[in-house]
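The letter at position 148 of the sequence shown is residue 148 when you use UniProt numbering, and the numbering goes up by one with no holes. The C-beta atom is built at its ideal place from N, Cα and C for all residues, glycine as well. Note that the structure is a prediction, hence the values are computed from the model and not measured. Working notes for the structure below.
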Amino acid sequence: MSCGHAADPGSLTGWCRSLLDQGYFKFHCPADVNGKKCGAEWSYQEVRRNASLTEKEQENFEKKLAEFAAKYYCDFKECPKCKSFVERKDLTNLRVHCILCLSLKGEQFEFCWQCLKPWKGSGTSSVKCANDGCRNQSLDILADCKLKALPGSEIKDCPSIRACPTCRRLIEHKEQCKYVMCSQCHIEFCFACLETARECQAKKCSAYFLFCAKPVAPRQTTIPVWSQK
1 MSCGHAADPG SLTGWCRSLL DQGYFKFHCP ADVNGKKCGA EWSYQEVRRN
51 ASLTEKEQEN FEKKLAEFAA KYYCDFKECP KCKSFVERKD LTNLRVHCIL
101 CLSLKGEQFE FCWQCLKPWK GSGTSSVKCA NDGCRNQSLD ILADCKLKAL
151 PGSEIKDCPS IRACPTCRRL IEHKEQCKYV MCSQCHIEFC FACLETAREC
201 QAKKCSAYFL FCAKPVAPRQ TTIPVWSQK
């Protein structure tokens, strides 16, 4: 491979398939170098060239890669008027102008990113438009979820569902310690204080099942905006 480590075609295929199954769309070398993973990134072209992919596997790999990349890099929905996919550039603004309605039909059309109805109201908003019933369902879930004690820990009365502080994906805590890995952005964070696992650990070492340096964060009342890097 480009990093200098050898990879058997069958093993390479199995490793990359396991990464895709876990929601990763970037391939990294797992080779151990003096107790540390190599971690070098392989391009899909390199993986395809060196792995023993069947035609069906190649099709499956490329389909998953396209889906994951679209979710990671784009925020898009179907325009309720022209049915074309529209990307939202400003993730803090629910008022979206469909440029395809203008270019294809010569019509100005704006809709609400949240309720997908024609925009109603003046100005812009990151919370709701003026249409009846426009509400953020994720906020409803966060407001109504049960409180729980984190298994095997001292932490009590922690909301059982959190929005990932990095990418806003809703995650339910089911078992093990307070640190969870988000399946979308792959950032590990503390379910109790909502800091990254690295930040939480830095402030209070060996605290996997203990109270954090910060108190348990209350229920989230806003959804973080995903600043993708």
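Task: Backbone CA spacing between C182 and T196 [nearest angstrom] - done: 11 Å
Task: Three-state class that DSSP yields for P151 in the structure shown - done: coil
Open item on the list: With H, G and I counted as helix, E and B as strand and the rest as coil, what does DSSP make of C190?
Closed with: strand
Task: Coarse secondary structure for Y44, derived from DSSP in three states - done: helix
Open item on the list: My output table needs one value for R95: the three-state DSSP class, helix, strand or coil.
Closed with: strand
Open item on the list: Closest to L20 by C-alpha separation, out of Q58, L100, K203, D32, would be which residue?
Closed with: Q58
TODO: Measure the CB-CB distance between Y208 and K178 and report whether it falls below 8 Å.
DONE: yes
TODO: Measure the beta-carbon distance from P9 to S52 and round it to whole angstroms, keeping in mind my assumption that it falls under 8 Å.
DONE: 4 Å
- [ ] With a floor of 4 residues, list each alpha helix (DSSP H) that falls wholly inside the stretch 111-155, ordered by position along the chain.
- [x] 137-144
Task: C205 classed as buried or exposed, judged by whether at least 16 other C-beta atoms fall within 10 angstroms - done: exposed
TODO: May I ask you to report which of helix, strand or coil DSSP gives C101?
DONE: helix
Open item on the list: Could you pull the DSSP bridge partners for Y24 from this structure?
Closed with: Note: Y24 sits in no beta bridge, so no partner.
Task: Option nearest K81 by Cα separation, candidates M1, H97, A217, V127 - done: H97
- [ ] Please report the residue range of the alpha helix (DSSP H) in which K203 lies.
- [x] 197-203
Open item on the list: Quick check on this structure: which residue in L170, C129, Q108 has the alpha carbon closest to the alpha carbon of C145?
Closed with: L170
Task: Nearest neighbour of C3, chosen from G14, S18, F27 [CA to CA] - done: F27
TODO: Quick one: using the 10 Å Cβ neighbour count with 16 as the cut-off for buried, is F85 buried or exposed?
DONE: exposed
Task: Helix, strand or coil at L12 [DSSP, three-state] - done: helix
- [ ] Please state whether DSSP places F61 in a helix, a strand or coil.
- [x] helix
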